[in-house]
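Engineer: Going by our numbering, the sequence shown opens with residue 1, and the numbers climb by one from there. Here it is: the structure, laid out below.
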Amino acid sequence: MDKHRCGWCIGDTLYEAYHDEEWGVPVKDDETLFEFLILETFQAGLSWITILRKRENFRQAFDHFDYKKIAKYDQAKIDALLQDTGIVRNKLKVNATVTNAIAFMEVQKEFGSFSKYIWGFVGHKPIKNELKNYKNAPATTDLSDTISKDLKKRGFKFVGSTVIYAHMQATGMVNDHEVNCFRYHEV
Numbered sequence: 001m002d003k004h005r006c007g008w009c010i011g012d013t014l015y016e017a018y019h020d021e022e023w024g025v026p027v028k029d030d031e032t033l034f035e036f037l038i039l040e041t042f043q044a045g046l047s048w049i050t051i052l053r054k055r056e057n058f059r060q061a062f063d064h065f066d067y068k069k070i071a072k073y074d075q076a077k078i079d080a081l082l083q084d085t086g087i088v089r090n091k092l093k094v095n096a097t098v099t100n101a102i103a104f105m106e107v108q109k110e111f112g113s114f115s116k117y118i119w120g121f122v123g124h125k126p127i128k129n130e131l132k133n134y135k136n137a138p139a140t141t142d143l144s145d146t147i148s149k150d151l152k153k154r155g156f157k158f159v160g161s162t163v164i165y166a167h168m169q170a171t172g173m174v175n176d177h178e179v180n181c182f183r184y185h186e187v
């Protein structure tokens with residue numbers, strides 16, 4: 001018998017695997033939090049499946065999302081990325097990735113880890129919503145507004161409230177699985 005999944009992922013095996021294995025699972029390690037932050041940044045204005053299909057290309061192009069390396073990218077590396085057809089070639093987003101890597105490390109210095117900082121907004125415990133239909137999930141919340149403003153104040157780019165709420169969903173800070181989805185109680 002098929003498991004009931006959230007409606008947004010049905011019909012695409014890549015989407016279903018992402019839903020079943022990653023989406024909404026609480027992420028506490030800085031490396032994965034950074035990866036999702038970058039992917040969500042590139043997703044702004046596009047569909048998530050577009051980014052998911054290019055995820056391995058992004059991983060290769062951006063040194064496996066190593067923020068220490070990315071923070072040191074020079075113009076030659078940025079220019080090379082802008083020629084890479086395997087990723088989304090948006091100059092502002094590529095530049096923002098470098099800026100965000102630097103800001104990410106500044107947050108680590110201040111809080112000990114990015115995880116302590118970002119999870120502090122939810123008291124280090126996921127918010128468990130009770131959605132009957134994924135279409136009723138908000139695009140933003142007061143909390144994502146607050147986090148977005150704080151990140152921008154710290155120098156991050158492309159971290160609007162919608163991007164941040166998607167990041168919160170992806171990294172398990174908020175559980176927006178539909179209540180009848182098999183993953184709702186698992187995460």
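Think of the CB as a built atom: it goes at the ideal place given N, C-alpha and C, for glycine as much as any other residue. None of the values given here were measured: they were computed from a predicted structure.
Determine the burial state of Q60: buried for a count of at least 16 other Cβ atoms within 10 Å of its Cβ, exposed for fewer.
Structural biologist: exposed
Engineer: Tell me which residue opens and which closes the alpha helix (DSSP H) that G120 is part of.
Structural biologist: Run containing G120: 114-120, per the alpha helix (DSSP H) assignment.
Engineer: From the DSSP output, in three-state form, read off V174 for me.
Structural biologist: DSSP places V174 in strand when its eight states are reduced to three.
Engineer: Start and end of the alpha helix (DSSP H) containing H19?
Structural biologist: 13-21
Engineer: I need the boundaries of the alpha helix (DSSP H) containing E110, first residue and last residue.
Structural biologist: E110: member of the alpha helix (DSSP H) spanning 91-111, first to last residue.
Engineer: For F42, which of D30, K28, V179, N57 has the nearest alpha-carbon?
Structural biologist: Checking every option, the nearest Cα to that of F42 belongs to N57.
Engineer: Is the beta carbon of K72 sitting closer than 8 angstroms to the one on F182?
Structural biologist: no
Engineer: With the cut-off set at 8 angstroms, would you say I51 and L39 are in Cβ contact?
Structural biologist: For the pair I51 and L39, the CB atoms are nearer than the 8 angstroms cut-off.
Engineer: In whole angstroms, what separates the C-alpha of L143 from that of K125?
Structural biologist: When rounded, the distance between both Cα atoms is 14 angstroms.
Engineer: Decide yes or no for the touch test of the segment 166-180 against the segment 17-36: beta carbon pairs closer than 8 angstroms, at least 3 of them.
Structural biologist: Because the criterion of three Cβ pairs below 8 angstroms is met, the segment 166-180 and the segment 17-36 touch.
Engineer: Is it true that the CB of F36 sits closer than 8 angstroms to the CB of A170?
Structural biologist: Yes.
Engineer: Please classify A139 as buried or exposed, where buried requires at least 16 neighbouring CB atoms within 10 angstroms.
Structural biologist: That one is exposed.
Engineer: Are A101 and G155 close, meaning C-beta to C-beta below 8 angstroms?
Structural biologist: no
Engineer: Taking the C-alpha atoms as reference points, what is the distance between D192 and T162?
Structural biologist: The structure shown does not extend to residue 192, since the chain is modelled only from 1 through 187, so no value can be given for it.
Engineer: Taking the alpha carbon of A166 as the reference point, which residue from K152, Y184, I147 has its own alpha carbon closest?
Structural biologist: I147
Engineer: Tell me which same chain residues have a C-beta within less than 7 angstroms of the C-beta of A96, skipping the five on either side of it?
Structural biologist: Around A96: T41, K157, F158.
Engineer: My parser needs the beta strand (DSSP E) runs of 3 or more residues fully inside the segment 118-163; what are they?
Structural biologist: none
Engineer: What do you get for G120, buried or exposed, if any count of 16 or more other CB atoms within 10 angstroms of its CB means buried?
Structural biologist: exposed
Engineer: Provide the residue span of the alpha helix (DSSP H) that contains Q43, from first to last.
Structural biologist: Q43 -> alpha helix (DSSP H) spans 30-43.
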